[in-house]
Amino acid sequence: IGVRESVIDIIFNLQKLIFEVSEKVHLVGRDPKPQIAFLNFTGPGILRAQHIHLPKNFHCVYPDQYIATLEVDGKLNLKLFFSPMTASRQKKYKSLHLKRQMPLSVLLENYLFLDSDFCSIERVNYTIQPGNQNPKEEFILFEIWTNGSLHPQKAIYQGINEILLEFFPYSFEIQKRNKNLLSSLSKSKSKSKGLPISFQKFANLEIG
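Per this note's numbering, the sequence shown runs over residues 343 to 550.
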């Protein structure tokens, strides 16, 4: 009563929201705590993403995104849980499930689960062009579109890092010591002297 949208419509609108998390907050780990957001809105008015009280280091990429319209007697109270999940490199393409810490009957009665979209990249184009100085050299030009939660340059860094981990598994230890992905490759340049030549070529890729 007092809310123009149905429960299903509100769920679909919430599912479309895109959040960006600071690197200081880790939702993936052995035993992380859930992050909680609150929504307490009273009509009349239009409820948007900016009205959600998010936890620290969280922010919505599109704060003007529409959620619902409330009339004079409308009131909507919601509590959103950013669920902790456990992931591994071997299961990175499988569904991630929330560890149940309460009976299933309680979960089904009091919670509505939303599917998360873990892919921040919407589209990728690439072209292979010859080098300007050496005709035997070629370089790849990437065009990347994201949903706003991940910078395209950072997506390139992460992709290169994944390639390095596939070809050189021991470099995974280097990644663990470097929390900042943008600085991990620059640090690896100074350590590349003792690495194979093929590794040095990856580590010295120019991205701009």
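Note that CB positions come from ideal geometry on N, CA and C, so glycine has one too. All values derive from a computational prediction rather than experimental measurement.
Can residue i and residue j be called in contact, C-beta distance under 8 Å?
i           : j           : result
residue 463 : residue 486 : yes
residue 377 : residue 391 : no
residue 456 : residue 357 : yes
residue 381 : residue 419 : yes
residue 379 : residue 394 : yes
residue 349 : residue 400 : no
residue 480 : residue 470 : yes
residue 415 : residue 385 : yes
residue 410 : residue 347 : yes
How about residue i: is its Cβ closer than 7 Å to a heavy atom in the ligand COA?
i           : result
residue 387 : Summarising the ligand content, the structure contains no ligands, and the ligand COA is consequently not present.
Would residue i be called buried (16 or more neighbouring beta carbons within 10 Å of its own) or exposed?
i           : result
residue 422 : buried
residue 345 : buried
residue 506 : buried
residue 509 : exposed
residue 436 : In this predicted model, residue 436 has a pLDDT of only 36, less than 50, meaning its place in the structure is not dependable; the value taken from the coordinates is given anyway. The residue is exposed, with fewer than 16 neighbouring Cβ atoms inside 10 Å.
Can you tell me which of the three DSSP states residue i falls into?
i           : result
residue 553 : Not covered by the structure: residue 553. The range shown for the chain is 343 to 550.
residue 493 : coil
residue 408 : strand
residue 501 : helix
residue 349 : helix
residue 354 : helix
If you draw a straight line from the alpha carbon of residue i to that of residue j, how long is it in whole angstroms?
i           : j           : result
residue 490 : residue 473 : 32 Å
residue 453 : residue 412 : 22 Å
residue 354 : residue 424 : 16 Å
residue 461 : residue 496 : 14 Å
residue 475 : residue 488 : 33 Å
residue 417 : residue 465 : 39 Å
residue 482 : residue 403 : 29 Å
residue 494 : residue 467 : 12 Å
residue 398 : residue 405 : 16 Å
Which residues does DSSP pair with residue i in a beta bridge?
i           : result
residue 420 : 381
residue 387 : 412
residue 483 : 469
residue 395 : 380
residue 509 : Its beta-bridge partners do not exist; DSSP assigns none.
residue 363 : 400
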